[in-house]
Amino acid sequence: MPTNQEVKLRGLTFKDEKLIFDWKSDEQLRELLGTTYPISELEHHKWFENKMLESKNKHFMILYNDEAVGMIGFNNVDFINRNAEIFIFIGDENYWGKGIGTQAIQELEKIAFKNMNLHMIYLHVFSFNKRATEMYKKIGFEIDGMLRESKYLNGKYYDNILMSKVSKDKEV
Ligand SMILES: CC(C)(COP(=O)(O)OP(=O)(O)OC[C@H]1O[C@@H](n2cnc3c(N)ncnc32)[C@H](O)[C@@H]1OP(=O)(O)O)[C@@H](O)C(=O)NCCC(=O)NCCS
Numbered sequence: 001m002p003t004n005q006e007v008k009l010r011g012l013t014f015k016d017e018k019l020i021f022d023w024k025s026d027e028q029l030r031e032l033l034g035t036t037y038p039i040s041e042l043e044h045h046k047w048f049e050n051k052m053l054e055s056k057n058k059h060f061m062i063l064y065n066d067e068a069v070g071m072i073g074f075n076n077v078d079f080i081n082r083n084a085e086i087f088i089f090i091g092d093e094n095y096w097g098k099g100i101g102t103q104a105i106q107e108l109e110k111i112a113f114k115n116m117n118l119h120m121i122y123l124h125v126f127s128f129n130k131r132a133t134e135m136y137k138k139i140g141f142e143i144d145g146m147l148r149e150s151k152y153l154n155g156k157y158y159d160n161i162l163m164s165k166v167s168k169d170k171e172v
């Protein structure tokens with residue numbers, strides 16, 4: 001398990017655009033994240049520009065020993081009801097299963113609950129994504145419900161699971 005010092009978050013820089021494009025073009029990652037089509041460079045460029053600017057979305061790079069290995073962040077930040085959707089991916093599968101995801105979410109929770117004063121964070125995960133589902137449970141996320149058989153992939157339907165964590169559920 002890496003120490004907190006080894007896993008850090010930082011804001012996006014222009015140099016990250018190509019790296020994220022390469023990660024998001026990987027078929028396995030696209031399936032886990034629910035991106036149906038291969039993305040074009042232009043689509044990605046527009047998406048990346050928006051992510052750097054939009055106030056309702058805050059995205060960060062995950063650094064492991066100062067190397068960018070993935071992305072994490074908030075979508076749909078709602079400061080009235082004090083909640084936000086979160087997402088995470090580690091781009092290179094060689095870094096999966098080393099505790100980096102757990103540490104990165106704990107860093108994001110500090111920003112959510114201590115800096116942004118959010119009350120609740122939530123996420124969507126497909127039922128075939130056992131690694132992610134188990135990690136979220138381990139960190140204290142609870143299953144709120146699911147959209148049954150709403151995800152179609154390779155000839156089968158899967159559930160889209162909604163999970164959340166309230167700031168008082170478990171201290172970060
Ligand atoms: C999901 C993801 C962020 C998890 O991060 P990670 O660094 O790989 O996960 P961790 O090493 O922190 O694992 C945390 C827990 O997940 C569970 N886990 C890890 N690998 C697992 C596997 N192969 N099967 C089932 N559970 C697994 C375990 O409970 C583990 O805790 P433990 O090591 O104490 O047993 C990362 O694997 C990833 O980016 N995957 C591809 C993109 C993705 O699926 N994103 C989420 C979309 S909702």
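Counting in the UniProt record's numbering, the sequence shown runs from 1 upward without gaps.
Note that the Cβ used here is the ideal one computed from N, Cα and C, for glycine as well.
Is residue i near ligand 1, judged by its Cβ being under 7 Å from some heavy atom?
i	result
valine 125	yes
threonine 36	no
residue 218	Nothing about residue 218 can be read from this structure; the chain reaches only from 1 to 172.
threonine 13	no
arginine 148	no
lysine 51	no
alanine 68	no
methionine 135	yes
lysine 98	yes
asparagine 129	yes
isoleucine 88	yes
lysine 165	no
leucine 162	no
lysine 151	no
Exposed or buried, which one is residue i when buried takes at least 16 other CB atoms within 10 Å?
i	result
leucine 108	buried
tyrosine 64	buried
phenylalanine 79	exposed
leucine 123	buried
isoleucine 39	exposed
glycine 70	buried
Please report the straight-line C-alpha distance between residue i and residue j, rounded to a whole angstrom.
i	j	result
histidine 45	lysine 15	12 Å
glutamate 6	phenylalanine 60	16 Å
leucine 162	tyrosine 136	11 Å
asparagine 115	leucine 42	34 Å
lysine 8	lysine 58	15 Å
serine 167	threonine 133	19 Å
glutamate 17	isoleucine 72	14 Å
isoleucine 139	arginine 131	12 Å
Of all Cβ atoms in chain C, is any one closer than 8 Å to the Cβ of residue i?
i	result
glutamate 27	Checking the listed chains, one finds no chain C in this structure; it contains a single protein chain.
Quick one: measure Cβ to Cβ for residue i and residue j, integer angstroms, because I've assumed they're closer than 8 Å.
i	j	result
alanine 84	valine 77	4 Å
serine 127	glutamate 142	Not confirmed; about 16 Å, so no contact.
asparagine 160	leucine 147	4 Å
lysine 151	glycine 34	7 Å
**Touch test, the region 147 to 161 against the region 89 to 108, Cβ-Cβ under 8 Å, three pairs minimum** = no
**Asked** Is the region 37 to 56 touching the region 90 to 97, taking contact as three or more C-beta pairs under 8 Å?
**Response** no
**Asked** Is the region 116 to 123 in contact with the region 19 to 30, if contact means three or more CB pairs nearer than 8 Å?
**Response** no
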